[in-house]
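For the numbering used here, count along the sequence shown from 1 and bump the result up by 849.
Note that the Cβ used here is the ideal one computed from N, Cα and C, for glycine as well.
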Amino acid sequence: MASQALSLLAVLVMHPSLRVCSARPHQPLIRFLGKRSWPPSAHPEPKPHPSAPDEIKQGFGDFLKRLASSEAGAGSSATTGGNSSFDNFWDAPDRFWRPKNRELEDSEIDLVLNGGAL
Numbered sequence: 850m851a852s853q854a855l856s857l858l859a860v861l862v863m864h865p866s867l868r869v870c871s872a873r874p875h876q877p878l879i880r881f882l883g884k885r886s887w888p889p890s891a892h893p894e895p896k897p898h899p900s901a902p903d904e905i906k907q908g909f910g911d912f913l914k915r916l917a918s919s920e921a922g923a924g925s926s927a928t929t930g931g932n933s934s935f936d937n938f939w940d941a942p943d944r945f946w947r948p949k950n951r952e953l954e955d956s957e958i959d960l961v962l963n964g965g966a967l
């Protein structure tokens, strides 16, 4: 009687091994569609929103021209009027890499990391 109870308990507890030994392989419930292909209509021509005000709808062509011209000139680092722009953060001038005020000391860093406890 005790051996039957023990074997029944083993069957109830050892579900993972029952799944491994089952006759059919596990079939996941998720189904993948495969490689996606986007229809050409996925990227329609830009147009103003239907609810946009009339002055924005009328000036949308000018906006697209300015956008195209700004994208054409954005390929290089340009400096205009004292404003500098750069593509990558490591292209930034040295003044952005070094803080204007002093460097943090190790004791200050330890205080911050310890939550202010001394």
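Got a sec? Which residues, its chain only, sit under 7 Å from residue i by beta carbon, not counting five neighbours each side?
i: N963; result: none
Per DSSP, what kind of secondary structure is residue i in: helix, strand or coil?
i: W946; result: helix
i: D936; result: coil
i: F912; result: helix
i: E920; result: helix
i: L878; result: coil
i: S956; result: helix
i: S890; result: helix
i: L967; result: coil
i: K906; result: helix
i: A927; result: Confidence at A927 is low in this model, with a pLDDT of 45, below 50, so its placement is unreliable and no value can be given for it.
Between residue i and residue j, is the Cβ-Cβ spacing less than 8 Å?
i: K906; j: P893; result: no
i: P895; j: L882; result: no
Once the 5 residues before and after residue i are set aside, which same chain residues still bring their CB inside 8 Å of it?
i: R880; result: none
i: V961; result: none
i: W939; result: none
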